[in-house]
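Student: Per the numbering used here, the sequence shown starts with residue 294, numbered consecutively.
By construction, the Cβ of each residue, glycine as well, lies at the ideal position given by its N, Cα and C atoms.
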Amino acid sequence: MANILIAYFSRKGQNYVNGQIKNLAKGNTERVAEFIQQAVGGDLFEIETVREYPEDYTRCTEAAKEELRAKARPELKNFLDSVDGYDTVFLGYPNWWGTMPMAVYTFLENYDMSGKTLIPFCTHEGSGMGISGRELKRICPKADVVRGLAIHGAGAAESAAEVSVWARGKVEEAGRKERK
Ligand SMILES: Cc1cc2nc3c(=O)[nH]c(=O)nc-3n(C[C@H](O)[C@H](O)[C@H](O)COP(=O)(O)O)c2cc1C
């Protein structure tokens, strides 16, 4: 089986869930990332920023909006030494203002994803993947960026079955392409 990396960004704390502010002990995207690992194996890597985002939901949306406006590249706590050993990269993030959190841009720009199958997944509160698929193709022009999976954040904890079927299918597809 191909070597699989599951890299994700996810934020615990206050979040907007079906119209109400709730406190999440575990981020929605992290849950989905774990379901993928349970289904297809692989290494999990959490993309974490040095500066934490505000726990308060509204303040966090403001901070994220400002980073997007400024095209910021927030500093990350850790990087993988290399992604050379991976053929297949699942990349997960919440939809923030219609795209990926800027920390995911920092992560991607640090590596050469040429020749890898890049499989995005995102959690959201209504806007699906937003423009993130297009952004990924722009940032990683030599990767094979496939169609991603958008999971409604409020249903992330109950998405194991859907996520498993999808992830297994994507790994099989990637394997077939490699064998050609
Ligand atoms: C800063 C911020 C911006 C967001 N922007 C959007 C958005 O534009 N569209 C949307 O559908 N959901 C948006 N959301 C909701 C998140 O995408 C959703 O709650 C997601 O499941 C959070 O994932 P996490 O728990 O892994 O961080 C936003 C949430 C935050 C905190």
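If I'm right that residue 396 touches residue 351 with Cβ under 8 Å, what's the distance once you round it to whole angstroms?
Tutor: That pair is no contact at about 19 Å.
Student: Taking the straight line between their C-alpha atoms, what separation do you get for residue 312 and residue 472?
Tutor: In a straight line, the C-alpha of residue 312 is about 46 Å away from that of residue 472.
Student: Determine whether the beta carbon atoms of residue 379 and residue 409 lie at a separation below 8 Å.
Tutor: Yes, the Cβ-Cβ distance between residue 379 and residue 409 is below 8 Å.
Student: Assuming residue 415 is part of the beta strand (DSSP E), what are its boundary residues?
Tutor: 410-417 is the span of the beta strand (DSSP E), which, as asked, contains residue 415.
Student: Consider the C-beta atom of residue 420 and the heavy atoms of ligand 1; say whether any pair is separated by less than 7 Å.
Tutor: Answer for residue 420: yes, Cβ within range of ligand 1.
Student: With DSSP as the reference, please indicate the residues paired to residue 339 in a beta bridge.
Tutor: Per DSSP, 301.
Student: Could you tell me which whole alpha helix (DSSP H) segments of length 4 or greater appear in the segment 338-392?
Tutor: Runs found: 350-362.
Student: Between the C-alpha atoms of residue 402 and residue 432, what's the straight-line distance to the nearest angstrom?
Tutor: Those two C-alpha atoms are separated by around 7 Å.
Student: Check residue 403 in the structure and name its three-state DSSP category.
Tutor: Coil, per DSSP.
Student: What whole-angstrom Cβ distance do residue 406 and residue 443 have, given they're in contact under 8 Å?
Tutor: Incorrect: roughly 21 Å between the Cβ atoms, too far for contact.
Student: Between residue 392 and residue 428, is the Cβ-Cβ spacing less than 8 Å?
Tutor: Going by C-beta atoms, residue 392 is nearer than 8 Å to residue 428.
Student: Helix, strand or coil: how does DSSP classify residue 321 here?
Tutor: Three-state result, residue 321: helix.
Student: With DSSP run on the structure shown, which of helix, strand or coil describes residue 306?
Tutor: The answer is strand: DSSP assigns residue 306 an E or B state.
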